[in-house]
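A quick write-up on the structure given underneath.
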Amino acid sequence: MENNGWNEFEIGAMLRTFDGAIEDIAGTRQEDRNYTQNSSFTASVADWRLEKPVFNKDYCIDCQFCWVYCPDISIISRDKKVIGVDMDHCKGCGICVEVCPTNPKSLLMFSEQTDEESAIAGWPTKEDKEK
Amino acid sequence: MAFDKLELNETEVWDGNHAAAQALRQAQVDVVSAYPITPSTAIVEGYAKFKSDNLVEGEFVMVESEHAAMSGCIGAAAAGGRVATATASQGLALMAETLYQASGMRLPIVLNIVNRALAAPLNVNCDHSDMYMVRDSGWIQFDAFNPQEAYDLNLIAFKVAEDHDVRLPVVVNQDGFLTSHTAQGIHPLSDDDAYNFVGEYKPMNDMLDFENPVTHGVQTEEDWHFEHKARQHSDTMNIVPGKIDEVFAEFEKLSGRKYSQLECYNMDDADVAVVCMGTSVETAREVALEMREKGIKAGVVGIRVLRPFPFANIAEVLKDIKAVAALDRSAPGGAAGALFNEIAGALFNTDSKMLLSGYIYGLGGRDLTKKHLVDLYTELQANADAGKLLTQQQQFIGVRGPKLAFL
Numbered sequence: 003m004e005n006n007g008w009n010e011f012e013i014g015a016m017l018r019t020f021d022g023a024i025e026d027i028a029g030t031r032q033e034d035r036n037y038t039q040n041s042s043f044t045a046s047v048a049d050w051r052l053e054k055p056v057f058n059k060d061y062c063i064d065c066q067f068c069w070v071y072c073p074d075i076s077i078i079s080r081d082k083k084v085i086g087v088d089m090d091h092c093k094g095c096g097i098c099v100e101v102c103p104t105n106p107k108s109l110l111m112f113s114e115q116t117d118e119e120s121a122i123a124g125w126p127t128k129e130d131k132e133k
Numbered sequence: 098m099a100f101d102k103l104e105l106n107e108t109e110v111w112d113g114n115h116a117a118a119q120a121l122r123q124a125q126v127d128v129v130s131a132y133p134i135t136p137s138t139a140i141v142e143g144y145a146k147f148k149s150d151n152l153v154e155g156e157f158v159m160v161e162s163e164h165a166a167m168s169g170c171i172g173a174a175a176a177g178g179r180v181a182t183a184t185a186s187q188g189l190a191l192m193a194e195t196l197y198q199a200s201g202m203r204l205p206i207v208l209n210i211v212n213r214a215l216a217a218p219l220n221v222n223c224d225h226s227d228m229y230m231v232r233d234s235g236w237i238q239f240d241a242f243n244p245q246e247a248y249d250l251n252l253i254a255f256k257v258a259e260d261h262d263v264r265l266p267v268v269v270n271q272d273g274f275l276t277s278h279t280a281q282g283i284h285p286l287s288d289d290d291a292y293n294f295v296g297e298y299k300p301m302n303d304m305l306d307f308e309n310p311v312t313h314g315v316q317t318e319e320d321w322h323f324e325h326k327a328r329q330h331s332d333t334m335n336i337v338p339g340k341i342d343e344v345f346a347e348f349e350k351l352s353g354r355k356y357s358q359l360e361c362y363n364m365d366d367a368d369v370a371v372v373c374m375g376t377s378v379e380t381a382r383e384v385a386l387e388m389r390e391k392g393i394k395a396g397v398v399g400i401r402v403l404r405p406f407p408f409a410n411i412a413e414v415l416k417d418i419k420a421v422a423a424l425d426r427s428a429p430g431g432a433a434g435a436l437f438n439e440i441a442g443a444l445f446n447t448d449s450k451m452l453l454s455g456y457i458y459g460l461g462g463r464d465l466t467k468k469h470l471v472d473l474y475t476e477l478q479a480n481a482d483a484g485k486l487l488t489q490q491q492q493f494i495g496v497r498g499p500k501l502a503f504l
C-alpha cells in the first residue's frame, strides 16, 4: 500500500473492497473480482501458518464439510467439488482436517516444508474400525 | 410519508429536553440508540414516544449501556442513517471510548449532552465536567444557553455534521435541569421548514451500498494512524468553522435567530468582560447591564462553539478589553481551567495587554448568583484600574470555607 500524505486518501477509517462498483458479487468468482490492494483478498497471510493442510482428491467424497467449516473461506470448491486450498489465506488451523469424515482423511496437516508429492506418497491407508 | 405531522403553535412551552426531542423528530432521525440517564432521559424518551405515536419513522434501540448506545449509533451511521442520542455525566464517561471511534470514522452523529457533574460524590445537577471530559474527542461541540437554543442547535448540528466536506459528529450541550427541565416559550419551525432546512440525508460510503462495499473502522498502526488524525484535525480547523458560519446564516434567514461562534453582549466598548458557557451567560448578561448603570463598562462573551475553539474570533473580541474573567464550571484537576487556558493561548502571542483571571464555579449545581457576578465585575474593574492582577490567577466562586486561590 502506498504511503500517501494526510491529504491523499478518503476520509474516515474506511477502505474499499473493490475498484469501482461490483454488480453481481454473488455470481462473480473471487479470481474475477476487481479487488483493491486494501482488500484482505490481495494480502497473503501464509506466513501466519506453522502447518499446512494437503488435499488428497483420491479419498474425497465432496461432502463440502471442509468448505463449510473453514473460517477463512480458504477451501476452493467448484461445482461442489473441492479442488484445493487457498494457500495465501489458509492460516493452518486444521479445522478442515478435523471435520473431514473419510477414512483415511482427504485432508491432513503437514509441516510447511513438506512438498505435496511426498505428502501424497506417504498418505496413510484405511484404518480398521475397532470391533 | 407514512407518519403524521404535528401542527405546532407559534409559541410552544417546552423545556430543553423536549425541545431537543422535537428537533430529532423534525429532522426525521432514522435511528436513536439510547440508554437513559438523568437529566437527559426525556430527550430519547421523547423520540420514542413520537415514534410510538407515529410522528416519526425510525428505529428506537434500547441497549444495555451508554457504551452500547453510541456503538449502536456508530453502526447505524456507518450503515447510512441519520442518527442521534443523548446522555450525561457517568453515561458519557462510559460512552467515551466510542466517541473517539465515531469522530475518527467521520460519522455525522448528533449527541445531546445534558451537562451534569461527574461522581464522586454522586451528583445529578449541572456542571460542565462531562462536556470538558470529551472536549478533545474530535467532536464538534455546540453549547445551548436555553431551551430555544437547544432546539435550534440540534437542527443546525445535523446540517453541519452531514455536510460531505465535514462528516464529523456534533455534540449539543445544554445545562442539566437549568435548561433541560426549565420550560420556556419556544418558537419552533414548522415540521416542513425544519426538515427542509436540515435536508434529506445524503449517504457517504454507507455500508448498505452493496455495489460499493466498504470496510469501516479499520486498524492502522504507526504507518497510517497519524495521517488519519492529521486529516481530521485539518478538516476540523480549516473547513468546519466556515461551514458553521454558513449554516448559522442560513438558519437566521429561516428563523430570524442569529447565532455566532462567540456570542458577544455589550462587548464593543467594554472595559471588563466575563467569558462563560451555558445558563451562566444569561445571568452574566443581566448583571453586565446592571453594572453599566453603576458606571462599569461590562460585557459578556458566551462560547457557542467549544470545538473547534474559535481562537481567532476570541483574540479579536478580547484584544482591547482591560480585564477578562474566564469562568470554568468544572474541577480543574491540578491545572488552570480549560477556558482560561484556551483564552490565554489565543491571546498570548498578540499585543493585547488584557489581564486574564480564571474562576472555578458552580460545581455540582451550585448556583452562580447575580451577587457573585456583581462581585466578579467589581474585582475585574479593580484589576483594570490597577493595570495588574490584584488576585491570584485562579479563584473559586461560591464555595464554603476559607478562600481558595491558586497560580
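Just so you know, the protein sequences line up as chains V and F, in that order. Numbering-wise (this note's numbering), the first sequence opens with residue 3 and increments by one. Numbering-wise (this note's numbering), the second sequence opens with residue 98 and increments by one. Just so you know, even glycine gets a beta-carbon here, dropped at the ideal spot from N, CA and C. Given the structure is predicted, the values throughout are model-derived calculations rather than measurements.
Can you tell me whether residue i is buried or exposed? The criterion is at least 16 other CB atoms within 10 Å of its CB, across all chains shown.
i, result
"M301 (chain F)", "buried"
"H261 (chain F)", "exposed"
"T44 (chain V)", "exposed"
"F307 (chain F)", "exposed"
"V110 (chain F)", "exposed"
"M202 (chain F)", "buried"
"D130 (chain V)", "exposed"
"R426 (chain F)", "buried"
"F406 (chain F)", "buried"
"N335 (chain F)", "exposed"
"E476 (chain F)", "buried"
In whole angstroms, what is the alpha-carbon distance linking residue i and residue j?
i, j, result
"M89 (chain V)", "Q329 (chain F)", "38 Å"
"A176 (chain F)", "T19 (chain V)", "16 Å"
"D277 (chain F)", "Y144 (chain F)", "First, the amino acid is wrong: residue 277 (chain F) is Ser here, not Asp. Their backbone Cα atoms lie some 15 Å apart in a straight line."
"E318 (chain F)", "E53 (chain V)", "28 Å"
"D233 (chain F)", "L436 (chain F)", "13 Å"
"S120 (chain V)", "V56 (chain V)", "11 Å"
"S377 (chain F)", "P499 (chain F)", "24 Å"
"I283 (chain F)", "K416 (chain F)", "35 Å"
"S159 (chain V)", "S108 (chain V)", "Past the edges of chain V, shown from 3 to 133, lies residue 159 (chain V), and the structure says nothing about it."
"V207 (chain F)", "H322 (chain F)", "25 Å"
"S331 (chain F)", "A423 (chain F)", "27 Å"
"G339 (chain F)", "R80 (chain V)", "56 Å"
"M153 (chain F)", "T447 (chain F)", "In the sequence as displayed, the identity of residue 153 (chain F) is Val instead of Met. So the alpha carbons of these two residues sit roughly 51 Å apart."
"Q187 (chain F)", "H115 (chain F)", "21 Å"
"Q316 (chain F)", "T38 (chain V)", "17 Å"
"S454 (chain F)", "R389 (chain F)", "21 Å"
"E84 (chain V)", "A327 (chain F)", "The sequence given here has Val at residue 84 (chain V), not Glu. The alpha-carbon atoms of V84 (chain V) and A327 (chain F) are separated by roughly 48 Å."
"F408 (chain F)", "E163 (chain F)", "32 Å"
Are the Cβ atoms of residue i and residue j separated by less than 8 Å?
i, j, result
"A428 (chain F)", "L460 (chain F)", "yes"
"Q489 (chain F)", "A502 (chain F)", "yes"
"N151 (chain F)", "D101 (chain F)", "yes"
"M16 (chain V)", "V311 (chain F)", "yes"
"D272 (chain F)", "G375 (chain F)", "yes"
"C98 (chain V)", "Y61 (chain V)", "no"
"P133 (chain F)", "V211 (chain F)", "no"
"D1 (chain V)", "K59 (chain V)", "The structure shown does not extend to residue 1 (chain V), since chain V is modelled only from 3 to 133, so the question has no answer here."
"Y248 (chain F)", "P218 (chain F)", "no"
"L121 (chain F)", "V128 (chain F)", "no"
"F348 (chain F)", "I237 (chain F)", "no"
"A385 (chain F)", "N363 (chain F)", "yes"
"L196 (chain F)", "A174 (chain F)", "no"
"C65 (chain V)", "P103 (chain V)", "yes"
"G495 (chain F)", "L465 (chain F)", "yes"
"N36 (chain V)", "G14 (chain V)", "no"
"M230 (chain F)", "A193 (chain F)", "yes"
"D222 (chain F)", "E379 (chain F)", "In the sequence as presented, Asp is not what sits at residue 222 (chain F); that position holds Asn. No, Cβ-Cβ distance for N222 (chain F) and E379 (chain F) is not below 8 Å."
Tell me the residue span of the alpha helix (DSSP H) that contains residue i.
i, result
"Q238 (chain F)", "Here Q238 (chain F) belongs to no alpha helix (DSSP H); instead the beta strand (DSSP E) covers I237 to D240."
"H322 (chain F)", "H322 to N335"
"A250 (chain F)", "It should be pointed out that residue 250 (chain F) corresponds to Leu in this sequence rather than to Ala. Per DSSP, L250 (chain F) belongs to the alpha helix (DSSP H) from P244 to E259."
"I440 (chain F)", "A435 to L444"
"G169 (chain F)", "E163 to A176"
"N114 (chain F)", "G113 to Q123"
What residue does the beta strand (DSSP E) around residue i start on, and which one ends it?
i, result
"R31 (chain V)", "Here R31 (chain V) belongs to no beta strand (DSSP E), and DSSP marks it neither H nor E."
"K54 (chain V)", "E53 to F57"
"T182 (chain F)", "V180 to T184"
Tell me, to the nearest whole angstrom, how far the beta carbon of residue i is from that of residue j; I am working on the premise that it is less than 8 Å.
i, j, result
"T182 (chain F)", "A117 (chain F)", "So it is not a contact: roughly 11 Å between Cβ atoms."
"S357 (chain F)", "R401 (chain F)", "6 Å"
"N209 (chain F)", "D240 (chain F)", "The Cβ separation is near 12 Å, so there is no contact."
"V160 (chain F)", "V126 (chain F)", "Between V126 (chain F) and V160 (chain F) the Cβ distance is about 16 Å, and since that is not below 8 Å, they are no contact."
"V414 (chain F)", "C373 (chain F)", "At roughly 14 Å, the Cβ-Cβ gap does not stay under 8 Å, so V414 (chain F) and C373 (chain F) are not in contact."
"L265 (chain F)", "T184 (chain F)", "The Cβ separation is near 18 Å, so there is no contact."
"Y298 (chain F)", "Q123 (chain F)", "Actually they do not touch by this definition, with Cβ atoms about 14 Å apart."
Residues of chain C with CB closer than 7 Å to the CB of residue i, please, in chain order.
i, result
"E33 (chain V)", "Judged by its chain identifiers, the structure shown contains no chain C, and its protein chains are V and F."
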